[in-house]
Structure formats: C-alpha cells, structure tokens
Amino acid sequence: MEFRTLNYFLGVLENRSYTAAAEALHITQPALTKAVQRLEAELEVELFDRDSRGTEPTKYGELLAVHARRLNEEHKHAKLEIENLKNGFNESVRVGAGPVWSSRMLPQATKRLREEGKNIKITLTSDTSSPLTKRLLDGSLDLICGDIDFPVHPDICKEHIQSVEYVLCGRREHPLSRKSQVEYQALTDYSWAVLPNTLEKLQPLFDSLEFPKLDIAIEVASVDELIVAASTEDYLVALPESLLGKAEVAGVVRLPLKGALYKFSVGVAYMKEAQASSSIASVISIIKTFSWD
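Just so you know, my numbering puts the end of the sequence shown at 293, numbered straight through with nothing missing.
If you want it as structure tokens, here you go:
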C-alpha cells in the first residue's frame, strides 16, 4: 500500500468524483482509476460506490479514510519535526486550545519550557472544543487544552484540572450594573458579545428558563477582543471569574446576577498512543501548575 496511492484515494473521497479528483491531483483520470482499483484489489474490498449522486465511499472506504488521514498527518508531522530539528528545536507539540488558554496559559507554558531548558516548540491552534477534538482524532493535533466536556472516546485520555465558572459581565456604566440584583429575564433585554462556544454553553440555561434565543451582536475570536467589545458598548458577556481582574482594568465588571451563567471542566486531552511522549508530558506537567485564580 503506497502512500501516494492513499493520497489518490483521499482525493476521490474528498471530491466525490474521479474527474474532479484527477484535476485536483494533476494526473489523468485513467491513471487515477487504475490506482484506486489496485488498492481495492490489494484490500479485496470495494472502496467506492458510483451512483447518480456521484462517487460515495463504502463502509470500507470510510474506515480506510480514517487511517489514511492519520497517516497523512503523521507524514506532515514528521516533516515538521525534521524542520524543527534543523532550526534548533529538539521536539514539537501541536496544541489546540480554547480562547482563554490561547491568550493566557500557553504563552506562560512556552516561557516555562524555555526557563527549564526544554527545547520544545509549541505550535498553537485556537478553536472551540468540537473541531479541536476532530483534529486530535485525525492526528493533526497532539494535545487539547481547555474545555474537555466532550463525549468519552475510547482512544482519547482526558485529565481534569479544574472547573471554571463563567459569570455575567458588562461595562462599568452598563444599566444592569446599577441594580442590586439582576434577574435572569434581563439577559434577553440586551445584545451579547460572545466567543465561538458561548451560545452552546448558555443554551441549556436558556432552554431551562424557556427564554428566546440570545441577541448576538458580535462574535469574536479571543477573550481580549471580548473585553474590548464589552468596554465600548452595553453588551452582555460571559467571562471566567479568573479574568475579572484583567477585565476590570478595561472597565468591564461583574454584573450582580446570582451565581454563575455556566461552568465546565477544563483540562487536557490527548490520544492514548501519545502517553509515552516525553514532550507532551512536559507540556502537561507545566500546565497543571498554573492557577486560574
């Protein structure tokens, strides 16, 4: 089973067409068809069904795709590791993290690695939990830091570090800041500025109260942008308690809503096969020393 043939197979899978795949891969369609046929003969299964909708993978094709994508990512990772070694880094760890971790924890982790003399390069991808989990499974990430409240998967290890509470905030001049206590109904009276996963986290609360959908005025990619948005308009925002000090410097304060808007488990997640990696273990051990307080 040649690596190039697996890439041809993935090309057909992603394009759902031999013609489109051949064009994208810069080979002739007959050559592509023969390559896939050789792969099917080697595996003794059919990888694709052709019908009026196009070229669809069989159950065997779907299974092979999982492993082929992982091999593809391992190939990219190997090239990255070699390039890093050429540039003076002994190892690298590809980390996926939520907005809070990206802006606060991981820069500290990189600094600590340097201070401890560990020549490990961290490559950071910032996103929400669901796409990061998919990337961990397909091999394009080594480690997830942040929200680990996703379904249990047999190939993934999760380590809880702390539970984080998100509270209601707004600028110091916000009309709700003058109240002795904010009622939940008031959450629907103002527009919100949110991070990509805020709505997903708030939805259970709003469903339980039978409230209408939130009025989302702006979605931002980072906590810093969220604080800036909240400081300039009467938006409502959800912020972790640990960042209230930082928010107050910008004029954003906790509003007097009783209790937290939501809370979730934060920690790290990695593939079980990566447990023996000393570089991943080094990054995790440093992250565990940080406090959210």
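Note that CB positions come from ideal geometry on N, CA and C, so glycine has one too.
Given the structure is predicted, the values throughout are model-derived calculations rather than measurements.
Do you know whose CA, among the options, lies nearest residue i's CA?
i	options	result
H153	I120, K134, L199	K134
R16	T33, V237, L39	T33
E248	R50, M271, D224, L261	D224
K118	T289, I280, F290	I280
P131	E115, G98, R114, Q108	G98
G96	H67, Q108, L143, R50	L143
S278	P107, N72, E91	E91
L214	R114, N72, E200	E200
Q275	E159, D147, P107, N197	E159
G305	R114, K111, M105, H75	This structure does not reach residue 305, given that the chain is present from 1 up to 293, and the question cannot be answered.
I161	F290, A22, Y18, Q29	F290
D155	T19, I287, E273, I27	E273
E2	A24, E44, R53, L71	L71
E73	G54, R53, R94, T55	R94
P196	L202, Q185, S180, V220	V220
C157	L136, S177, L176	L136
E241	Y166, Y184, S180, L261	Y166
R178	R4, L255, M271	L255
A65	F48, G54, D147	F48
K288	A109, R4, H67	A109
Can you pull the DSSP bridge partners for residue i?
i	result
F50	A quick correction: the sequence has Arg, not Phe, at residue 50. Looking at the DSSP assignment, R50 forms a beta bridge with T55.
S126	A97
R171	V252
H160	G267
D147	V266
I287	Note: I287 sits in no beta bridge, so no partner.
E165	K263
S92	K121
I218	A193
V182	L257
Below 8 Å on the Cβ atoms is my contact criterion, and I expect residue i with residue j to pass it. Report the Cβ-Cβ distance as a whole number of Å.
i	j	result
V182	K263	Between K263 and V182 the Cβ distance is about 18 Å, and since that is not below 8 Å, they are no contact.
C145	W192	About 25 Å separates the two Cβ atoms, so there is no contact after all.
T188	P212	6 Å
V194	I227	So it is not a contact: roughly 13 Å between Cβ atoms.
L113	S282	7 Å
Y235	A217	6 Å
Q29	A22	4 Å
L168	L243	Their Cβ separation, rounded to whole angstroms, is 13 Å, which puts L168 and L243 out of contact at 8 Å.
L261	L202	6 Å
Check whether chain D comes within 9 Å of residue i, counting only Cβ atoms and requiring the distance to be less than that.
i	result
S282	Going by chain labels, chain D is absent from the structure shown, which holds only one protein chain.
Inside the stretch 220 to 281 only - alpha helix (DSSP H) runs reaching at least 4 residues: 223 to 232, 244 to 249
Three CB pairs or more closer than 8 Å across the stretch 42 to 60 and the stretch 120 to 128: In short, these stretches do not touch, since the Cβ pair count stays below three.
Validate contact between the stretch 265 to 274 and the stretch 202 to 220 using beta carbons, cut 8 Å, 3 pairs: no
Stretch-stretch touch, CB-based, cutoff 8 Å, three pairs: the stretch 169 to 176 with the stretch 224 to 239: yes
Segment contact flag, the stretch 30 to 46 with the stretch 1 to 12, C-beta cutoff 8 Å, min 3 pairs: yes
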